[in-house]
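Undergrad: Here it is, the structure in full.
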Amino acid sequence: MKKPIKVTFVINNLSGGGAERILVNILNNLDRNKFKPKLFLFEYEGKFLNDLAEDIEIGYGIKFIDDSHKLKKKFRSYYKYLYRTIWGVKKLESFIKEDEMVIAFLEKMVTYNVARTKKENIVSLAWLHNNVNEFSSIHKLLSKKYYSKYDNIFCVSNECTELARKYFEDTNIKFNSVYNPIDINSIIENSKKESRFKVPKGKNIVAIGRLTRQKGFDILIESFSKIKKDDVNLIILGEGEDRKKLESLVEDYGLKSNVYLPGFVDNPYSVLRQSDIFVLASRFEGLPTVLIEALTLNKTIVSTKCSGSSEILCNGKYGYLVEKNNVNDLSEKMILALNNLDEVKNGYERAINFEKDKIIKEIEEKLIESYLDKNN
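Those letters in the sequence shown? Residues 3 to 378, by the working numbering.
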């Protein structure tokens, strides 16, 4: 190739989340001799905007100046279904008209809307971060319709790939497995810095993620109630729609003095480093990046057996595995981990398999392969 491939990545926004953090990592580190990366946001907002490299051109559907007014909050809910699917798609079409490749970096509406754009002679890819079998009935139907319009689907784990291949077996979609790139040096350096959240005294169990049903924090809180001790704390870092529900659970179980919900923390790695155990209680995942981040810091890990977690932990070699939705199993494994804090702490040797430079190179190779498949 004589010139860098012009490629636009598409996502809703850059609010705090695993997929958003991974996308910024990819955008910033793609070889500029091979790619000219751009970014389209349906909503120009998010904590990770300031982390983007200066040379990345950004297009967007709408920009909210002030979110505090009730009318704007109400408009936002309508916008998700109206603006993204009509005007947002038109803006996206205009933004990518000179491109050679467009990538829907998030499932569901982002993937559907990119599929609906007019993009002659443009290579189109979709990134699948979760197990397609966990989609709701309506999204399973829509997925069958829209994913078939893509040239390639990148799945974030081997298990995710196999499940998707089976689900879309009646299509001609090509699949690739691509792990999430992890900036190991950055995680280690940031873990040594201060965080606005001060870790309490005693033994600390930490969990990180959006406060949504997917992450299973309701199960985690119930499990923690069974092992409550005055010197053991549970810290859940993240923000989301289930905050009030989780706060009610904490109160119902009488855990207000032991459970902390500080919201989104800019530097979760400092809290993670100072904690004793990391717990992933998710009902489903694709490749839980936060699990790799915990391995990087050699944390003792307890994780549910969801897509990607068994793959990351090598079926229990690097952490304790728990059956999904099993409160008793989770509490028992947390107790076991608390009593054996030095037993499983060689996670760094596994984490380096996901190191940024290695994975970015693999992503570049597969993007170029997809480009050549359509242009040869």
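Yeah, the Cβ is synthetic: ideal placement off N, Cα and C, and Gly gets one too.
Please report the distance separating the alpha-carbon of serine 225 from that of phenylalanine 44.
TA: Near 38 Å, if we compare the C-alpha coordinates of phenylalanine 44 and serine 225.
Undergrad: Name the DSSP bridge partner or partners of methionine 103?
TA: Paired residue(s): Val9, Val125.
Undergrad: Pull the bridge partners of proline 39 from the DSSP assignment, please.
TA: Note: proline 39 sits in a beta bridge opposite Val9.
Undergrad: Alpha carbon to alpha carbon, what distance is there between alanine 106 and histidine 71?
TA: Residue confidence is low: histidine 71 scores 49 on pLDDT, short of 50, so the model does not pin down where it sits. Its coordinate-derived value is still stated next. Roughly 31 Å separates the two Cα atoms.
Undergrad: What number of angstroms, rounded off, separates the C-alpha of glutamate 161 from the C-alpha of valine 104?
TA: Computed Cα separation, rounded: 25 Å.
Undergrad: Helix, strand or coil for alanine 166 per DSSP?
TA: If DSSP states are grouped into helix, strand and coil, alanine 166 belongs with the helices.
Undergrad: Give me whichever residues DSSP pairs with valine 324 in a beta bridge.
TA: For valine 324, which the question treats as bridged, DSSP gives the partners Thr306.
Undergrad: Between tyrosine 114 and serine 126, what straight-line distance do the alpha-carbon atoms span, to the nearest angstrom?
TA: Using only the alpha carbons, I get a separation of about 12 Å.
Undergrad: Rounded to the nearest angstrom, how far is the Cβ of tyrosine 322 from that of leucine 338, given a contact under 8 Å?
TA: Yes, tyrosine 322 and leucine 338 are in contact; Cβ-Cβ is about 6 Å, under 8 Å.
Undergrad: Measure the Cβ-Cβ separation of asparagine 174 and asparagine 154 and say whether it is below 8 Å.
TA: No, these two residues do not count as a Cβ contact at 8 Å.
Undergrad: At the level of alpha carbons, what is the spacing between leucine 257 and lysine 230?
TA: Approximately 8 Å between the Cα atoms of the pair.
Undergrad: For asparagine 192, which residues in the same chain have their Cβ closer than 8 Å to its Cβ, ignoring the five residues on either side in sequence?
TA: Excluding positions up to five away in sequence, the list reads Asn269, Tyr271, Ser272.
Undergrad: Given this structure, state the Cα-to-Cα distance separating glutamate 136 from asparagine 182, to the nearest angstrom.
TA: Going by the C-alpha atoms only, they are around 20 Å apart.
Undergrad: I'd like the list of long-range same chain contacts for tyrosine 149, defined as Cβ closer than 8 Å, with 5 residues on each side in sequence excluded.
TA: Contacts found: Thr113, Ala117, Ala128, Ile155, Phe170, Thr173, Ile175.
Undergrad: For the stretch 271-289 against the stretch 298-310, do three or more pairs of beta-carbon atoms, one drawn from each stretch, fall closer than 8 Å, so that the two count as touching?
TA: Verdict: yes, contact present.
Undergrad: Report yes if the C-beta distance between glycine 63 and glycine 90 is below 8 Å; otherwise report no.
TA: Contact: yes.
Undergrad: Leaving out the 5 sequence neighbours to the left and right, which residues in its chain are closer than 7 Å to asparagine 132 when beta-carbon positions are compared?
TA: These residues qualify, in order along the chain: Glu109, Phe286, Glu287, Gly288.
Undergrad: Quick test of the definition: if touching needs 3 or more C-beta pairs under 8 Å, does the stretch 236-243 touch the stretch 259-266?
TA: Short answer: they touch.
Undergrad: If you compare alpha carbons, which of Arg23, Ile28, Asn31 is closest to glycine 48?
TA: Selected option, being the one with the closest Cα: Arg23.
Undergrad: Where does the unbroken alpha helix (DSSP H) through phenylalanine 219 begin, and where does it stop?
TA: Looking at the DSSP string, the run of the alpha helix (DSSP H) that includes phenylalanine 219 is 219-227.
Undergrad: Starting from the C-beta of arginine 167, find all residues in its chain whose C-beta is less than 6 Å away, skip the five residues before and the five after it, and write them out in chain order.
TA: Closer than 6 Å at Cβ, skipping near neighbours: Phe177.
Undergrad: If you pair each beta-carbon of the stretch 207-215 with each one of the stretch 241-257, do three or more pairs fall below 8 Å?
TA: Taking 8 Å as the limit for Cβ pairs, the verdict is that the stretch 241-257 does touch the stretch 207-215.
Undergrad: Please report the straight-line C-alpha distance between lysine 217 and asparagine 378, rounded to a whole angstrom.
TA: For lysine 217 and asparagine 378, the distance between alpha carbons rounds to 43 Å.
Undergrad: Among Met336, Arg352, Arg275, whose alpha-carbon lies nearest the alpha-carbon of valine 201?
TA: Checking every option, the nearest Cα to that of valine 201 belongs to Arg275.
Undergrad: If you reduce the DSSP assignment to three classes, tell me which class lysine 231 lands in.
TA: Correct three-state label for lysine 231: coil.
Undergrad: Is it right to say serine 311 is buried, meaning 16 or more other beta carbons lie within 10 angstroms of its own, or is it exposed?
TA: So serine 311 counts as buried.
Undergrad: Going by CA-CA distance only, name the one from Ile361, Leu315, Asp57, Lys146 that's closest to asparagine 348.
TA: Comparing Cα-Cα distances from asparagine 348 to each of Ile361, Leu315, Asp57, Lys146, the minimum goes to Leu315.
Undergrad: Locate the beta strand (DSSP E) running through asparagine 154, then write down its first and last residues.
TA: Element bounds for asparagine 154: 154-157.
Undergrad: What residue range is occupied by the uninterrupted alpha helix (DSSP H) comprising phenylalanine 97?
TA: Taken as a continuous stretch (DSSP letters only), the alpha helix (DSSP H) holding phenylalanine 97 covers 89-97.
Undergrad: Note the first and the last residue of the continuous alpha helix (DSSP H) segment covering isoleucine 361.
TA: Note, isoleucine 361: alpha helix (DSSP H), 358-377.
Undergrad: Between the alpha carbons of leucine 248 and asparagine 328, how many angstroms are there, rounded?
TA: Roughly 18 Å between the two C-alpha positions.
Undergrad: Using CA atoms only, rank isn't needed, just tell me which of Tyr152, Ser259, Ser284 is closest to isoleucine 221.
TA: Of Tyr152, Ser259, Ser284, the residue nearest in Cα terms is Ser284.
Undergrad: Assuming the contact rule is C-beta atoms closer than 8 Å, glutamate 366 and serine 159 should be a hit. Round their C-beta distance to whole Å, please.
TA: Contact flag wrong, Cβ pair sits at about 19 Å.
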